[in-house]
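Numbering (the working numbering), first residue to last: 2 to 208. Yeah, the Cβ is synthetic: ideal placement off N, Cα and C, and Gly gets one too. Here is the structure we will look at, set down as structure tokens.
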């Protein structure tokens, strides 16, 4: 399923190359992410005692995308990428031996507030699919997130930009199994929610 999903997205991204006169622009992006994973039991945000956690930690992300100008003020962009998310335990970026890897599919609209190409504001949505988990969610959790994106992008030189974006999921990674299936099932309301603040270098290809 995951392979088919990725294949379809790559096909969508590569279709514009068939038209040599198209106005599509391709680019690669990558950088560091500051991430966190918040836990909720029965609707209450959970903090562990001595010491409290989670803390934010450093991770990474990367991918490729295609962009097209709608008019002088607006661009639309579709990306396919990868991001690692997790949370530290005893302090910022400390004791972070658990993480989760996601395939991310951001779709965004970029708005130029001025006539200049230097600054663009980003508003979008992202579909995130869990593909690997190390001691974080477990098999009982849903493997899909749907998130909002808010960001800003600065052009450094002609083909190079720097971007910052905040990604906040709408849904929880929800626990959907029983702690003890027999003889008396105990249903747990255990949910987890990720957060991500991305700092990206963006290189536009000259085709």
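Rounded straight-line distance, which links the Cα of residue j to that of residue i
i, j, result
"residue 154", "residue 30", "12 Å"
"residue 77", "residue 66", "11 Å"
"residue 117", "residue 206", "21 Å"
"residue 113", "residue 162", "14 Å"
"residue 1", "residue 145", "Residue 1 is absent from the structure shown; the chain starts at 2 and stops at 208."
"residue 27", "residue 148", "23 Å"
"residue 109", "residue 90", "33 Å"
"residue 39", "residue 62", "20 Å"
"residue 36", "residue 87", "6 Å"
"residue 68", "residue 119", "16 Å"
"residue 160", "residue 56", "35 Å"
"residue 34", "residue 58", "8 Å"
"residue 164", "residue 70", "18 Å"
"residue 158", "residue 99", "37 Å"
"residue 194", "residue 171", "9 Å"
"residue 64", "residue 127", "13 Å"
Best match in the options for proximity to residue i [C-alpha to C-alpha]
i, options, result
"residue 135", "107, 126, 85 and 158", "85"
"residue 101", "123, 60 and 166", "60"
"residue 80", "25, 74 and 56", "25"
"residue 169", "125, 71 and 202", "125"
"residue 152", "70, 34 and 123", "123"
Supposed close pair residue i, residue j - CB separation, criterion 8 Å
i, j, result
"residue 211", "residue 173", "The structure shown has nothing for residue 211, since the chain only spans 2 to 208."
"residue 156", "residue 199", "Not confirmed; about 17 Å, so no contact."
"residue 132", "residue 104", "6 Å"
"residue 202", "residue 82", "Going by Cβ atoms, the distance from residue 202 to residue 82 rounds to 13 Å, so no, they are not a contact pair."
Local Cβ density within 10 Å of residue i, reported as buried at 16 or more and exposed below that
i, result
"residue 121", "buried"
"residue 75", "exposed"
"residue 111", "buried"
"residue 106", "buried"
"residue 129", "buried"
"residue 73", "exposed"
"residue 197", "buried"
Neighbour flag for residue i against chain C, beta carbons, 9 Å
i, result
"residue 32", "The structure shown has no chain C; it contains just one protein chain."
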